[in-house]
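Residue numbers (the working numbering): 2 to 219. The block underneath contains the structure these notes are about, expressed in structure tokens.
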Ligand SMILES: Nc1ncnc2c1ncn2[C@@H]1O[C@H](COP(=O)(O)OP(=O)(O)OP(=O)(O)O)[C@@H](O)[C@H]1O
Ligand SMILES: O=C(O)c1ccc[n+]([C@@H]2O[C@H](COP(=O)([O-])O)[C@@H](O)[C@H]2O)c1
């Protein structure tokens with residue numbers, strides 16, 4: 002039985018904080034590997050300004066090529082309609098019943114889970130690994146858990162256990178003030194994105210300059 006982390010996101014484009022997030026969660030929770038799951042049709046973000054799914058996958062594959070423990074899983078491309086997380090987790094449970102999964106997300110995204118499609122049910126299908134972004138704190142997660150899943154029992158400082166055996170782990174990671182929006186804004190303004198994205202992404206942005214500019218300036 003493998004312990005797998007699932008990092009869902011738009012990756013428009015992948016940046017260094019995504020990679021740090023994947024590696025921190027893998028190491029701190031002792032997971033076997035991490036699968037990045039690019040959102041095919043993001044349920045919550047407009048299609049405008051979003052690079053094509055295949056291009057975002059190409060960038061992710063390049064960015065993770067030197068990380069043997071991180072791979073790209075394109076299962077959301079195989080479903081029509083919005084790429085809801087509950088559907089992704091149900092599918093993984095069905096197809097890989099022997100694996101256990103941690104769905105990874107930044108704490109700011111955890112706060113939005115109650116608004117997702119059947120959001121409160123995601124903990125019936127996977128564990129959650131929640132990491133701080135720049136302004137997030139463990140206290141914020143404690144308050145969220147108390148009002149959202151009061152039935153979950155706190156076990157130690159940063160783990161909550163649900164009645165069915167799933168758990169939520171809060172993982173402290175280095176605070177990197179990087180976002181895809183920031184990368185897009187800088188790139189469009191012809192400013193450097195060096196240090197914010199892997200060097201291969203810098204080169205790919207140059208290679209696909211016309212396409213990227215058309216999409217991101219839309
Ligand atoms: N700097 C960061 N630190 C910790 N987690 C992050 C960071 N950036 C993104 N994440 C997390 O990675 C996942 C995928 O994020 P996503 O691909 O939407 O990137 P983003 O930088 O938030 O994009 P955008 O700026 O376009 O909204 C989310 O759970 C998000 O919270
Ligand atoms: O299922 C939903 O309703 C839902 C709504 C918003 C976001 N998500 C998922 O949350 C993950 C992070 O989203 P984002 O906005 O940071 O790209 C990504 O895997 C999205 O598909 C899922």
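For each residue, glycine too, the CB sits at the ideal point set by N, CA and C.
To the nearest angstrom, how far is the alpha carbon of residue 106 from that of residue 66? Locating residue 106 in the chain shown gives position 105, where the first residue counts as 1. Locating residue 66 in the chain shown gives position 65, where the first residue counts as 1. In a straight line, the C-alpha of residue 106 is about 22 Å away from that of residue 66.
Just to confirm before moving on: does the CB-CB distance between residue 218 and residue 189 stay below 8 Å? Sequence index remark: in the chain shown, residue 218 carries index 217 (1-based). Sequence index remark: in the chain shown, residue 189 carries index 188 (1-based). Yes, the pair counts as a contact, with Cβ atoms nearer than the cut-off.
Just how far apart, CA to CA, sit residue 165 and residue 12? For the purposes of this step, residue 165 is identified with residue 164 of the chain shown, where counting begins at 1. For the purposes of this step, residue 12 is identified with residue 11 of the chain shown, where counting begins at 1. Rounded to the nearest angstrom, the two C-alpha atoms are 32 Å apart.
Residue 96, enclosing beta strand (DSSP E) - first and last residue: Taking the first residue of the chain shown as position 1, residue 96 is located at position 95. Residue 96: not part of any beta strand (DSSP E); member of the alpha helix (DSSP H) spanning 86-96, first to last residue.
CB of residue 151 to nearest heavy atom of ligand 2: below 7 Å? By 1-based counting over the chain shown, the position of residue 151 is 150. No; taking the cut-off as 7 Å, the Cβ of residue 151 has no heavy atom of ligand 2 nearer than that.
Could you spell out where the beta strand (DSSP E) holding residue 128 opens and where it closes? Translated into positions along the chain shown, residue 128 becomes position 127. Counting along the chain, the unbroken beta strand (DSSP E) around residue 128 starts and ends at 128-132.
Which word fits residue 9, buried or exposed, when buried means at least 16 other C-beta atoms lie within 10 angstroms of its C-beta? The residue you call residue 9 lines up with position 8 of the chain shown. Counting Cβ neighbours within 10 Å, residue 9 comes out buried, since at least 16 surround it.
Just to confirm, are residue 124 and residue 150 a CB contact at a threshold of 8 Å? To locate residue 124, count along the chain shown from 1; it is residue 123. To locate residue 150, count along the chain shown from 1; it is residue 149. Cβ atoms of residue 124 and residue 150: closer than 8 Å.
Between the region 23-30 and the region 48-59, can you find at least three pairs of beta-carbon atoms closer than 8 Å? Output reads no: the region 23-30 does not touch the region 48-59.
Counting by C-beta, which residues lie closer than 5 Å to a heavy atom of ligand 1, in chain order? Going by the Cβ distance cut-off, the answer is 10, 11, 12, 18, 22, 106, 107, 110, 134, 177, 179, 180, 181, 182.
In chain order, what residues of the same chain have a beta carbon less than 8 Å from the beta carbon of residue 111, not counting five sequence neighbours either side? Counting from 1 along the chain shown, the entry for residue 111 is found at position 110. So the list reads 129, 131, 142, 145, once near-sequence residues are dropped.
Buried or exposed, going by whether 16 or more other CB atoms sit within 10 Å of the CB of residue 137? Within the chain shown, numbered from 1, the residue matching residue 137 stands at position 136. Around the CB of residue 137, 16 or more other CB atoms lie within 10 Å, so the residue is classed as buried.
Quick one: residues in its chain with C-beta nearer than 8 Å to the C-beta of residue 76, no 5 flanking neighbours on either side, listed in chain order? Translated into the one-based positions of the chain shown, residue 76 becomes position 75. Take residue 76, set aside five residues on each side of it, and the residues of its chain with a beta-carbon closer than 8 Å to its own are 38, 89, 92, 93, in chain order.
Measuring alpha carbon to alpha carbon, tell me which residue in 113, 69, 40 is nearest residue 85. In the chain shown, counting from the first residue as 1, residue 85 sits at position 84. Answer by Cα proximity: 40.
Secondary structure of residue 139, DSSP reduced to three states: By 1-based counting over the chain shown, the position of residue 139 is 138. Under the three-state reduction of DSSP, residue 139 is assigned to helix.
Does the distance between the C-beta of residue 86 and the nearest non-hydrogen atom of ligand 2 fall short of 7 Å? Locating residue 86 in the chain shown gives position 85, counting from the first residue. The answer is yes for residue 86.
On the CB-based measure, 16 or more other CB atoms within 10 Å of its CB, does residue 15 come out buried or exposed? Along the chain shown, read from residue 1 onward, the residue named residue 15 stands at position 14. Result: buried.
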